[in-house]
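The sequence shown: position 125 = 124 (numbering that gives the first Met the number 0), numbered continuously. Quick reminder that beta carbons are idealized off the backbone N, C-alpha and C, glycines included. Below is one structure, written out as structure tokens; comments come after it.
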Amino acid sequence: MSGGDFGTVHWPTEIRLKKEEKRLEVDFDDGRTFSYPAEFLRVVSPSAEVQGHNPSQKQTVAGRRHVGIMRLEPVGNYAVRIVFDDLHDSGIYSWKYLYEIGAGQEALWTEYLEELQAKGLSRDPRR
């Protein structure tokens, strides 16, 4: 393990940005493929703006049902920055983080929907 791989266990072999479908697909070297809706990636962004600096500061991001991905920017050999069309671009998604949220996507999404409901928030943008 080199010092710059940030704990990466599974490396991506292919990354496909599907702008029209508002989706990112990543194939990993263990044969698993994850398909991430842009909205999901946006609301679980690893940025300090969303995650805070400790668990009590985590934000519930609402109103992102229609968010898209404008572009991907490589960050070293360990991550990708995702630039969303709502101009959020401060999340750096490590390969390790993408793998973890891909593997746990169903549970994370359910948790997110429950947080929205508990806080009286919506996936739809405010009018």
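- A straight line joining the alpha-carbon of Glu48 with that of Gln58 spans about 8 Å.
- For Thr32, the enclosing beta strand (DSSP E) stretches over residues 32 to 36.
- Within the DSSP secondary-structure output, Ser93 pairs in a beta bridge with Ala78.
- A straight-line Cα-Cα distance of about 24 Å links Pro124 and Leu71.
- With respect to Thr7, Asp26 sits apart: the two C-beta atoms are not nearer than 8 Å.
- In the three-state reduction of the DSSP assignment, Val66 falls in the coil class.
- Going by DSSP, Glu48 is part of the alpha helix (DSSP H) stretching over 47 to 50.
- A Cβ-Cβ contact shorter than 8 Å links Pro45 with Gly90.
- Of all C-beta pairs linking the stretch 85 to 105 to the stretch 30 to 37, three or more are shorter than 8 Å, placing the two stretches in contact.
- Note that the C-beta distance between Leu120 and Ala61 is below 8 Å.
- The straight-line gap separating the alpha-carbon atoms of Phe83 and Gln116 is approximately 24 Å.
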